[in-house]
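Novice: Mind having a look at this structure? Questions to follow.
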Amino acid sequence: MVDDNLDSLVRSLVRLLLFPFTRSFDELLIKAIPEELAREHFINARLELLKGIKALIDKRIENYEKLKESLKVKRERVKVE
Numbered sequence: 159m160v161d162d163n164l165d166s167l168v169r170s171l172v173r174l175l176l177f178p179f180t181r182s183f184d185e186l187l188i189k190a191i192p193e194e195l196a197r198e199h200f201i202n203a204r205l206e207l208l209k210g211i212k213a214l215i216d217k218r219i220e221n222y223e224k225l226k227e228s229l230k231v232k233r234e235r236v237k238v239e
């Protein structure tokens with residue numbers, strides 16, 4: 159259930175990121191915004207978005223690492239005489 163919700167959220171974020179999300183696009187918007195506070199707000203919003211995406215990716219990596227560990231065959235040393 160959590161993985162399904164996470165997958166859905168990641169897919170939605172990827173769709174949102176299909177709009178121009180480049181450094182030049184950011185620079186153009188920052189230059190187009192006249193007020194200093196608006197610029198700072200825009201930059202902070204971008205940082206929060208990127209941090210959110212990073213957190214989602216980190217959680218996804220953690221889930222796959224746990225899955226990988228759970229699938230490992232447990233090996234035991236057997237002393238042969």
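Residue numbers (the numbering used here): 159 to 239. All C-beta atoms in this analysis are idealised placements derived from N, C-alpha and C, irrespective of residue type, glycine included.
Shortest alpha-carbon distance to residue 164 belongs to which of 234, 210 and 237?
Specialist: 210
Novice: Tell me the residue span of the alpha helix (DSSP H) that contains residue 193.
Specialist: Note, residue 193: premise wrong, no alpha helix (DSSP H); not H, not E.
Novice: Quick one: residues in its chain with C-beta nearer than 8 Å to the C-beta of residue 167, no 5 flanking neighbours on either side, listed in chain order?
Specialist: 214
Novice: From residue 225 to residue 219, what distance separates their C-alpha atoms?
Specialist: 10 Å
Novice: So, with DSSP's three-state summary, where would you put residue 239?
Specialist: It is coil, neither helix nor strand.
Novice: Assuming residue 188 contacts residue 197 (C-beta within less than 8 Å), just tell me the rounded distance between them.
Specialist: 5 Å
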